[in-house]
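Residue numbers (our numbering), protein chains in the order written: chain A, 10 to 374; chain B, 21 to 291.
Don't be surprised by glycine CBs; every beta carbon is placed ideally from N, CA and C.
Treat the numbers as computed from the prediction; the structure is a model and nothing was measured.
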Amino acid sequence: MDIIKLKHITKQYDDGFVALKNINLTIESGKFYSLLGPSGSGKSTILRIIAGFSQPSSGQVFFDGKDITDLDAAKRHINTVFQNYALFPHLNVFENVAFGLKIKKQPMDKIKPAVKEALHMVRLDGYANREISELSGGQQQRVAIARAIVNEPKVLLLDESLSALDKRLRKDMQFELRAIQKKLGITFIFVTHDQEEALSMSDEIFVLNDGMIQQSGSPVAIYDEPVNDFVARFIGDSNILSGRMIKDYEVEFANNKFKCADGGIKPNEKVEVVIRPEDLDIVAPEKGNIVVTAQTQLFLGDHFEIKAVDANENEWLIHSTNGVKLGERVGLFFDPEDIHVMRLNESQEDFDARIEKYEGDENEN
Amino acid sequence: MRNKHLIARIYLSFTLVLLYVPIFYLIYFSFSSGKNMNKFEHFTFAHYQTLFQDNRLLAIFLETILLALLSSLIATIIGTFGAIAISAMKKEAHKNTTLALNNVLMVSPDVIIGASFLIFFTALGIGLNFGSVLLSHIAFSIPIVVLMVLPRLNEMDYSLIDAARDLGANSWQVFSHVLIPTIMPGIFSGLFMALTYSLDDFAVTFFVTGNGFSTLSVEIYSRARQGIDLEVNALSTVMFLFVLLLVGIYYFITTKKSRRKNHRVIGGLVK
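If you want it as structure tokens, here you go:
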């Protein structure tokens, strides 16, 4: 069921800066969404428009089928967890969590169990009487979540909510957020610039850049089949080479012809080829699809990051569990499925249509 | 290292002694039975007795305090709203202009302000009495309140306001439940500064008091002109103790607050 729909949303600030250009998106209830993009991509602006803190210059926001574009933030069934938590410093944990219910004039005998339940949900039992300043960053984060979920919103918005935490705590909170979302069964919309965070938590990701949605889809789809080189570069590391389509399922790049899994592109069309660094296997030079010379190597704990150059001066990034000797010639092996072909300037609609078409062809054959 | 500390301590003690000696000298002679401060005769409470029998002076003392409380309270309310309005201004130029106008009032000599109030009140035909003094005290206290409240507003994390709206608060609830409590420490310091400003003031009051009303500073000044009476010493001692009490209360309130919440940024990620 669709719970939120943005239709042709544009946002232009007074100084002329255009933050959002014709955003259309649909949020289904009960799923975990991420708005992923670099800073300035407009992801937080979308969140603020959904929450009601700012008004779109044009376009409409629908909630449960009703137009809420002009509805005050206070009257929306949406709650927000802010980037820096925005906890009220003059109130303690209980009063912070109870704030929304008190504003709604709920009786105290209803507020108490609700707050207790919310604090239990974020594993802060027994913290009700603490002052906010006595809490660690992670605990403050949990209070902020409890303060939002105690109002039983249909949609919870999280604005870069994990970015102030250190790495280990952030990992823990990722798991926990996902668990909370599953338990409550409500929609989470999570804004982040951290692609790992988005990939690990989301059911669906919207990748944004320059105020436009570049691609939307499941984490796997976005990682494996980026629609353009922005998405390919932003989500994970990638080797992007320019090439030429020979025919369906055959592409030329780095002066070689390779079998690939993509079709539906005109022969001889210029394309870009993406190969993920972890899909490259280091083999003996004669066994490889391409022969490269290793130039630099970094040990990153769980893998080596190797930079190498082929005979045509193309740079290759390789993730390998084993190191190589620098200056040594090695072969790189990859399967046809590891090659992802991108057409230049292809929109997501065209991309989806093309995939549908040639995958349909495949099934008929 | 030790030596350095020693010099620093001597310097500090010397400065404090220098600052407090005149006051203690005054207090010391308030217990002297003589008529003047040339020689300490013998210990007596006589001046305090005359002071507490001097109904005119006691009335003035109470009126001065009433004036200080009333003017600082009203100035704090007006000044707080003023500070909120200034911080809410969108254009930086408007903000700076208003702030500059505010600061000009702070810096300009009391004599000029007092004289201008006198001209203003006489031009409008307002009688010089408690009302005129109260109005002028409120007027010169507002800028200091604005200056004390504004930093708290600037430090405030504005997502607190978004958060309150997000949780269903209307404009009034945002104001009363979030904005005011968050800037309360600033409001408190503003109130105390306004209080001391009002108690302190001589020049402005001197211009705008009429026959019916006088404040302590004006009264002491006019008495001192006829030669210092040791009753004034006794009064000064009482005032000194009163101010000491005020400062004590202020210190108690602020340290109690900051012990619980010793963070610089208000709201947001509290460390």
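Among the options, which has the Cα closest to the Cα of residue i?
{"i": "residue 348 (chain A)", "options": "A:306, A:315 and A:266", "result": "A:266"}
{"i": "residue 138 (chain B)", "options": "B:223, B:115 and B:88", "result": "B:223"}
{"i": "residue 213 (chain B)", "options": "B:167, B:36 and B:62", "result": "B:167"}
{"i": "residue 260 (chain B)", "options": "B:28, B:31, B:30 and B:44", "result": "B:44"}
{"i": "residue 81 (chain B)", "options": "B:271, B:240 and B:197", "result": "B:240"}
{"i": "residue 286 (chain A)", "options": "A:321, A:329, A:307 and A:319", "result": "A:329"}
{"i": "residue 170 (chain A)", "options": "A:91, A:176 and A:36", "result": "A:91"}
{"i": "residue 218 (chain B)", "options": "B:160, B:65 and B:62", "result": "B:160"}
{"i": "residue 142 (chain B)", "options": "B:41, B:27, B:230 and B:256", "result": "B:230"}
{"i": "residue 16 (chain B)", "options": "B:79, B:108, B:246 and B:96", "result": "Residue 16 (chain B) falls outside the range modelled here, since chain B spans only 21 to 291, and no answer is possible."}
{"i": "residue 248 (chain A)", "options": "A:260, A:284, A:255 and A:271", "result": "A:284"}
{"i": "residue 182 (chain B)", "options": "A:84, A:36 and A:294", "result": "A:84"}
{"i": "residue 220 (chain B)", "options": "B:88, B:24 and B:31", "result": "B:88"}
Would the beta-carbon of residue i fall within 8 Å of that of residue j?
{"i": "residue 262 (chain A)", "j": "residue 251 (chain A)", "result": "yes"}
{"i": "residue 220 (chain A)", "j": "residue 51 (chain A)", "result": "yes"}
{"i": "residue 336 (chain A)", "j": "residue 303 (chain A)", "result": "yes"}
{"i": "residue 67 (chain B)", "j": "residue 266 (chain B)", "result": "no"}
{"i": "residue 156 (chain B)", "j": "residue 258 (chain B)", "result": "no"}
{"i": "residue 291 (chain A)", "j": "residue 333 (chain A)", "result": "yes"}
{"i": "residue 199 (chain A)", "j": "residue 167 (chain A)", "result": "yes"}
{"i": "residue 38 (chain A)", "j": "residue 196 (chain A)", "result": "yes"}
{"i": "residue 316 (chain A)", "j": "residue 324 (chain A)", "result": "yes"}
{"i": "residue 92 (chain B)", "j": "residue 170 (chain B)", "result": "no"}
{"i": "residue 158 (chain A)", "j": "residue 193 (chain A)", "result": "yes"}
{"i": "residue 86 (chain A)", "j": "residue 163 (chain A)", "result": "yes"}
{"i": "residue 187 (chain B)", "j": "residue 108 (chain A)", "result": "yes"}
{"i": "residue 248 (chain B)", "j": "residue 56 (chain B)", "result": "yes"}
{"i": "residue 212 (chain A)", "j": "residue 41 (chain A)", "result": "yes"}
{"i": "residue 269 (chain B)", "j": "residue 96 (chain B)", "result": "no"}
{"i": "residue 173 (chain B)", "j": "residue 104 (chain B)", "result": "yes"}
{"i": "residue 134 (chain B)", "j": "residue 165 (chain B)", "result": "no"}
With respect to the alpha helix (DSSP H) encompassing residue i, which residues constitute its N-terminal and C-terminal limits?
{"i": "residue 78 (chain A)", "result": "Neither: residue 78 (chain A) is in no alpha helix (DSSP H) and is coded neither H nor E."}
{"i": "residue 172 (chain B)", "result": "150-175"}
{"i": "residue 237 (chain B)", "result": "236-245"}
{"i": "residue 210 (chain A)", "result": "204-210"}
{"i": "residue 191 (chain A)", "result": "176-193"}
{"i": "residue 67 (chain B)", "result": "66-73"}
{"i": "residue 94 (chain A)", "result": "First-last for residue 94 (chain A): undefined, no H or E at that position."}
{"i": "residue 126 (chain A)", "result": "117-130"}
{"i": "residue 217 (chain B)", "result": "200-220"}
{"i": "residue 54 (chain A)", "result": "52-60"}
{"i": "residue 133 (chain B)", "result": "130-144"}
Should residue i be flagged as near chain B, meaning a C-beta pair shorter than 8 Å?
{"i": "residue 95 (chain A)", "result": "yes"}
{"i": "residue 375 (chain A)", "result": "With chain A covering only 10 through 374, there is no way to say anything about residue 375 (chain A)."}
{"i": "residue 147 (chain A)", "result": "no"}
{"i": "residue 113 (chain A)", "result": "yes"}
{"i": "residue 196 (chain A)", "result": "no"}
{"i": "residue 89 (chain A)", "result": "yes"}
{"i": "residue 109 (chain A)", "result": "yes"}
{"i": "residue 26 (chain A)", "result": "no"}
{"i": "residue 20 (chain A)", "result": "no"}
{"i": "residue 199 (chain A)", "result": "no"}
{"i": "residue 83 (chain A)", "result": "yes"}
{"i": "residue 286 (chain A)", "result": "no"}
{"i": "residue 116 (chain A)", "result": "no"}
{"i": "residue 312 (chain A)", "result": "no"}
{"i": "residue 65 (chain A)", "result": "no"}
The beta strand (DSSP E) that contains residue i, what's its start and end?
{"i": "residue 290 (chain A)", "result": "290-292"}
{"i": "residue 111 (chain B)", "result": "Unbroken run through residue 111 (chain B): none, as it is neither H nor E."}
{"i": "residue 225 (chain A)", "result": "221-226"}
{"i": "residue 247 (chain A)", "result": "Run containing residue 247 (chain A): none; DSSP gives neither H nor E here."}
Using beta carbons (cut-off 8 Å, strictly below), is residue i in contact with chain A?
{"i": "residue 188 (chain B)", "result": "yes"}
{"i": "residue 109 (chain B)", "result": "no"}
{"i": "residue 180 (chain B)", "result": "yes"}
{"i": "residue 177 (chain B)", "result": "yes"}
{"i": "residue 172 (chain B)", "result": "no"}
{"i": "residue 201 (chain B)", "result": "yes"}
{"i": "residue 185 (chain B)", "result": "yes"}
{"i": "residue 69 (chain B)", "result": "no"}
{"i": "residue 124 (chain B)", "result": "no"}
Is residue i near the ligand FMN, judged by its Cβ being under 7 Å from some heavy atom?
{"i": "residue 349 (chain A)", "result": "With respect to the ligand FMN, the structure offers nothing, as it holds no ligand at all."}
Indicate whether the contact test is met: 3 or more Cβ pairs, each with one atom in the stretch 223-231 of chain A and one in the stretch 272-283 of chain A, closer than 8 Å. no
For the pair the stretch 177-197 of chain B and the stretch 147-157 of chain B, tell me if three or more CB-CB distances fall below 8 Å. no
Does the contact criterion of 3 or more C-beta pairs under 8 Å hold for the stretch 21-31 of chain A versus the stretch 54-66 of chain A? yes
Within 8 Å, do at least three Cβ pairs link the stretch 63-79 of chain A to the stretch 128-146 of chain A? no
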